[in-house]
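In my numbering, the protein residues as written are 1 to 172. A virtual CB, placed ideally from N, CA and C, is assigned to each residue, including glycine. Below is one structure; the comments refer to it alone.
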């Protein structure tokens, strides 16, 4: 494991050397208490710049995590920025691109945000009754991504919404 400065990602090209499959889960929830500019820099620009380096170093399969509610014309900053991100990554023409759009990711976090806490409490009855509708436990999400990465797929671009990620995690 290496700690990198995403503002100087070009200085860390050796980290991406001989990379076959890249997983990018970088981002911050909207409502994370930062400025709009910082949100865009972290959520879109850092990811795009990292993907460029990965592509240059030979990454064939890029796995990107965005989230539910991704729409280019969304009134919600999260949806717009994530849509821009998906578009920019798609333009890089990886041999295989897997985009994961999970719902609320459940699990323990070092840092919590008010919006996450509110969502977990507010949606608790819905999550209980319909476990694949709005949320996904972090370990289930990780297993779905890994199962996807180790299985060949002839599609160039794959888009996985929350319910399908749950199903993929069960495939063994």
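At the level of alpha carbons, what is the spacing between residue i and residue j?
| i | j | result |
| --- | --- | --- |
| residue 100 | residue 63 | 8 Å |
| residue 2 | residue 25 | 16 Å |
| residue 157 | residue 84 | 16 Å |
| residue 171 | residue 160 | 14 Å |
| residue 72 | residue 150 | 30 Å |
| residue 163 | residue 130 | 10 Å |
What three-state label does DSSP hand residue i in the structure shown?
| i | result |
| --- | --- |
| residue 82 | helix |
| residue 43 | helix |
Given a threshold of 16 other Cβ atoms within 10 Å of its Cβ, counted over all protein chains shown, does residue i qualify as buried or as exposed?
| i | result |
| --- | --- |
| residue 47 | buried |
| residue 29 | buried |
| residue 55 | buried |
| residue 76 | exposed |
Per the DSSP calculation, residue i is bridged to which residue(s)?
| i | result |
| --- | --- |
| residue 100 | 65, 160 |
| residue 106 | 137 |
With respect to the beta strand (DSSP E) encompassing residue i, which residues constitute its N-terminal and C-terminal limits?
| i | result |
| --- | --- |
| residue 50 | Taken as a continuous stretch (DSSP letters only), residue 50 belongs to no beta strand (DSSP E), being part of the alpha helix (DSSP H) at 46–56. |
| residue 123 | Where residue 123 is concerned, there is no enclosing beta strand (DSSP E), given that its DSSP letter is neither H nor E. |
| residue 21 | 21–24 |
What are the boundary residues of the alpha helix (DSSP H) that includes residue i?
| i | result |
| --- | --- |
| residue 141 | 138–150 |
Say whether chain B places a C-beta atom closer than 9 Å to the C-beta of residue i.
| i | result |
| --- | --- |
| residue 84 | In the displayed structure, chain B is absent; only one protein chain is listed. |
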